[in-house]
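First up is the structure itself, then whatever we jot down about it.
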Amino acid sequence: MKYFVPAWYNQGSWWEDKTTPYYSKSLVKEFDDMISLMNMHVKNDETFEMLILNYSPDLRTFLHRFDLFEARYWSLFDDIQGFESRTPLPLDFKSLNWPEGTEFVYTPYLVRCVTGATTYSNVYFNQDGYMVWIEAFEHGQRVQRSIFDDRGYLSSILYFDGQGVPFRQKYMTIDGDCILTSELVDGTVHVSEQYQHRFNQTVYNNMEDLLQERVALYMKQEVSVDYPIIIAADERHNYFLSEILSDYQLCYSIFKQRNSELTSSLLQSISNSQYWLVDMLDNEETLQQYKIEQQLDVEIMRITPFDAQVLPNKSSQYYETYIGLWIDGIAHDTLQQSLQQVISYMERVENTRIILLTEQDKKLLPQWLTEQVQAVNDKYNTINEDEDGINLLLAEEEEYVEVIEIKHVPFEQDFKSSIDEFKSSH
10 MKYFVPAWYN
20 QGSWWEDKTT
30 PYYSKSLVKE
40 FDDMISLMNM
50 HVKNDETFEM
60 LILNYSPDLR
70 TFLHRFDLFE
80 ARYWSLFDDI
90 QGFESRTPLP
100 LDFKSLNWPE
110 GTEFVYTPYL
120 VRCVTGATTY
130 SNVYFNQDGY
140 MVWIEAFEHG
150 QRVQRSIFDD
160 RGYLSSILYF
170 DGQGVPFRQK
180 YMTIDGDCIL
190 TSELVDGTVH
200 VSEQYQHRFN
210 QTVYNNMEDL
220 LQERVALYMK
230 QEVSVDYPII
240 IAADERHNYF
250 LSEILSDYQL
260 CYSIFKQRNS
270 ELTSSLLQSI
280 SNSQYWLVDM
290 LDNEETLQQY
300 KIEQQLDVEI
310 MRITPFDAQV
320 LPNKSSQYYE
330 TYIGLWIDGI
340 AHDTLQQSLQ
350 QVISYMERVE
360 NTRIILLTEQ
370 DKKLLPQWLT
380 EQVQAVNDKY
390 NTINEDEDGI
400 NLLLAEEEEY
410 VEVIEIKHVP
420 FEQDFKSSID
430 EFKSSH
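Take the sequence shown: its letters are residues 10 to 435, numbered as in our numbering.
Written as structure tokens, this is what we have:
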């Protein structure tokens, strides 16, 4: 049995909700080493459990997007709020208790529910079509956000002041009671009177103190010290966990996209462990040097966190090699140079295909790019003339082949699906 502690956090406080409506650009990339490592365990029938430490009302739909829906997990906030594990349940917002005469106005991004002359609510959805928020407005000012769990629960209520700044959040139970009130201005957390017997304190200086108490209790009661725990290295929770898990076998996973720089404080935060798992050679060298300097008894393992086994993908089925190129954020002159290089490679190496990946709508891309892609495809599909016209006759039965394609991937799941679809096994 293994335990995994991911770091699927936003850029604010690590324990806060990272759910956003489907049209909002994600602040962080979701796919990471933990997702890949756990998927490897699933494929090999290895038993494991996730420990989800942050507030995640969209957890089930998130896991489903990355093929981990059937995996076992323990959610810290579910434990606090008393929510039961069950299949996601999409709520019909129209079935809620709206005032008589409410008018529903549908837009491409949300549904506006006009409840009065100066009041209305906006209903927001995630990329899977589940309702995530209902925000109430008075005189054009946002006053409240109701946050819904993907299992159909009202999970919490966020309150806004006159300047539209959130100042308080109430966390609900499965029965609709408030169990915790987080004062966002001073950071204190207050336990409602009827639930104070479940906690060691009635008021906590900050949310981390309360969460640390609950995690320590769960680990003591449910998790044997003989089981290894693989933790996504993230400085925001490393110290938090090292205090609780000092008696456990700890393995920190250092992932380049999450740990772009191995700072001294990050290295210090992972020192109390038995193993380091690292994906890149440069990070491995940094870890080796730190290990020697600090005289640490820790084993360093460098393996790719991504499954490298041969998969039945396009490349292996059709004897074509697909090259994916992420074009967002690249300067035009650099992109032109890079594109010319891969096109030149494609012309030299038979059965090569190029996929240009972008979060942008194709209509917003530079005109020169779409024209060059079209020109390359037209050239590939050009028919050489022959005296008898046989080539032209045969060409009429052939489909137009796109050897270079622009693919719109607005969501991270679209990107993952594209990679799974065309990644080469050779």
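By construction, the Cβ of each residue, glycine as well, lies at the ideal position given by its N, Cα and C atoms.
Shown here for Met228: same chain residues with a beta carbon closer than 8 Å to its own, the five before and five after excluded, namely Ile253, Leu254, Tyr257 in chain order. Of the residues Pro175, Ser426, His417, Val232, the one whose Cα lies closest to the Cα of Gln153 is Pro175. In terms of Cβ geometry, Ile363 and Ile332 form a close pair [threshold 8 Å]. His199 and Thr211 have their C-alpha atoms roughly 6 Å apart.
The alpha carbon of Phe208 has as its nearest neighbour, out of Leu219, Asn214, Ser164, the alpha carbon of Leu219.
It is roughly 44 Å from the alpha-carbon of Pro97 to the alpha-carbon of Glu294.
Contiguous beta strand (DSSP E) elements confined to the region 223 to 273 occur at 237 to 241, 258 to 263, taking only those with 3 or more residues. Apart from the 5 residues on each side of it in sequence, Tyr389 sits with its Cβ closer than 8 Å to the Cβ of Val410, Val412 in its chain, given in chain order.
In the DSSP assignment, Val114 forms a beta bridge with Arg121. Membership of Ile363 in any alpha helix (DSSP H) is not indicated; the residue belongs instead to the beta strand (DSSP E) covering 361 to 367. Cα atoms of Met289 and Ala241: separation of roughly 15 Å, rounded to the nearest angstrom.
A residue is called buried when at least 16 other Cβ atoms come within 10 angstroms of its Cβ; Arg81 does not meet this threshold and is exposed. Rounded to the nearest whole angstrom, the CA to CA distance from Lys372 to Gln346 is 22 Å. In this structure the region 156 to 169 lies against the region 85 to 97, because at least three pairs of beta carbons, one per stretch, are closer than 8 Å.
Counting C-beta atoms within 10 angstroms of its own C-beta, Gln150 has fewer than 16 neighbours from the protein chains shown and is therefore classed as exposed. According to the DSSP assignment, Ala145 belongs to the beta strand (DSSP E) that extends over 140 to 147. Secondary structure at Tyr389: helix, using DSSP grouped into helix, strand and coil. DSSP, read as helix, strand or coil, puts Tyr82 in strand. Looking at the backbone, the Cα of Ser233 and that of Leu105 are separated by about 44 Å.
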